[in-house]
Amino acid sequence: MSAAVDDDLWSAVGDPTRRRILDLLLADGNGTATSLSERLPVTRQAIAKHLGVLDRVGLVHAAPYGRERRYQVDEAQLARAVAQLSAVGAAWDARLQRIKRIAEAIQRNRDDQRNRDDQRNRDEQ
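In terms of the numbering used here, the sequence shown is residues 128 to 252.
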């Protein structure tokens, strides 16, 4: 996957309505813009636009269904998205652990300096 596709993918799933659409499609197996709009506080036209975004990034695929299109989640693309998110999470966990170690080292140095200062003050008395 290219970086541009990844950015588009994360932009697509960054919207709470699109995440809810994905949840409903995963739970139900499939759905149309009409059936989804009946379950969400969004118009059918807005749902159709959200589905178009999800379709462009490959998270859903549509098949003709009468006068509408029936959408299903592309589980392989969703699995790739989950794997990317896991990788990003692992990278951030490692960064945060490094930051924690640095902060702890700074705090130890401050504590050591405070202890030396306290000892010096006691020695001077």
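Backbone N, C-alpha and C fix where the C-beta goes; we use that ideal spot for every residue, glycine too. All values derive from a computational prediction rather than experimental measurement.
Identity of the residues DSSP links to residue i by a beta bridge
| i | result |
| --- | --- |
| G216 | According to DSSP, G216 bridges with nothing at all. |
Reduced DSSP secondary structure (H/G/I, E/B, other) of residue i
| i | result |
| --- | --- |
| P168 | coil |
| G158 | strand |
| I148 | helix |
| Q252 | coil |
| V180 | helix |
Anticipated Cβ contact below 8 Å, residue i with residue j, distance rounded
| i | j | result |
| --- | --- | --- |
| R197 | T159 | 6 Å |
| L178 | L149 | About 10 Å; that fails the 8 Å criterion. |
| D133 | Q211 | 7 Å |
Contact test: residue i Cβ vs the ligand ATP heavy atom, cutoff 7 Å
| i | result |
| --- | --- |
| L167 | This structure lacks the ligand ATP, and indeed carries no ligand of any kind. |
N-terminal and C-terminal residue of the beta strand (DSSP E) that residue i is part of
| i | result |
| --- | --- |
| V200 | 195-200 |
| V187 | 187-192 |
CB of residue i within 8 Å of CB of residue j, strictly
| i | j | result |
| --- | --- | --- |
| L163 | L151 | yes |
| T161 | R171 | yes |
| L153 | V200 | yes |
| L181 | I174 | no |
| A208 | V140 | yes |
Alpha helix (DSSP H) segment containing residue i, residue limits
| i | result |
| --- | --- |
| V140 | 130-140 |
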